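Each remark here refers to the structure printed beneath this line.
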Amino acid sequence: MSALAELKQIAEGLGLPSGAVTFEKKAPETYLVFTPLYDDLLFYADNKPLVETEEIRISLFCKENYLLWKMKLTEALFERDFIITERRFLDLEEDTGYYHYSLDVAKEYVR
């Protein structure tokens, strides 16, 4: 399973729309967007990768107070063994009314 697939499952468990999100109608009050940042293979003496690391930025867009969703996401990520490398408040988008908060996460997979 990939990190993106696991993040999609976490979002579904929290009842949040997620992924490469487009809305034909009005956007929901809260949703997530996933942006892959990098993936890396760790090689060893036999020149075969044993560990793959994926890092993804989760952008939380929320019209209500984002702090509760930040807490819920953090707990769900830790439960699935994600590493949180950064959490950051980015902006209150005045034109849309959404708070924009990001969490950069990484996950290691043994191959």
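Numbering-wise, our numbering puts 93 at position 100 of the sequence shown, and it's gapless, one number per residue.
A virtual CB, placed ideally from N, CA and C, is assigned to each residue, including glycine.
Being a predicted model, the structure only gives us computed values, none of them experimental.
query                                                                                                                                                                               : result
Count the other C-beta atoms from every protein chain shown that fall within 10 angstroms of the C-beta of residue 100, then say buried if there are 16 or more, exposed otherwise. : buried
Three or more C-beta pairs under 8 Å: does that hold for the region 58 to 71 against the region 34 to 41?                                                                           : no
For residue -4 and residue 47, what's the separation of their Cα atoms in angstroms?                                                                                                : 7 Å
Quick test of the definition: if touching needs 3 or more C-beta pairs under 8 Å, does the region 67 to 75 touch the region 85 to 101?                                              : yes
For residue 91, count neighbouring Cβ atoms within 10 angstroms of its own Cβ and tell me buried if that reaches 16, exposed if not.                                                : buried
Work out the CA separation of residue 25 and residue 54 for me, nearest whole Å.                                                                                                    : 6 Å
Taking the straight line between their C-alpha atoms, what separation do you get for residue 95 and residue 83?                                                                     : 7 Å
By how many angstroms is the C-alpha of residue 58 removed from the C-alpha of residue 80?                                                                                          : 16 Å
Does DSSP put residue 18 in a helix, a strand or coil?                                                                                                                              : coil
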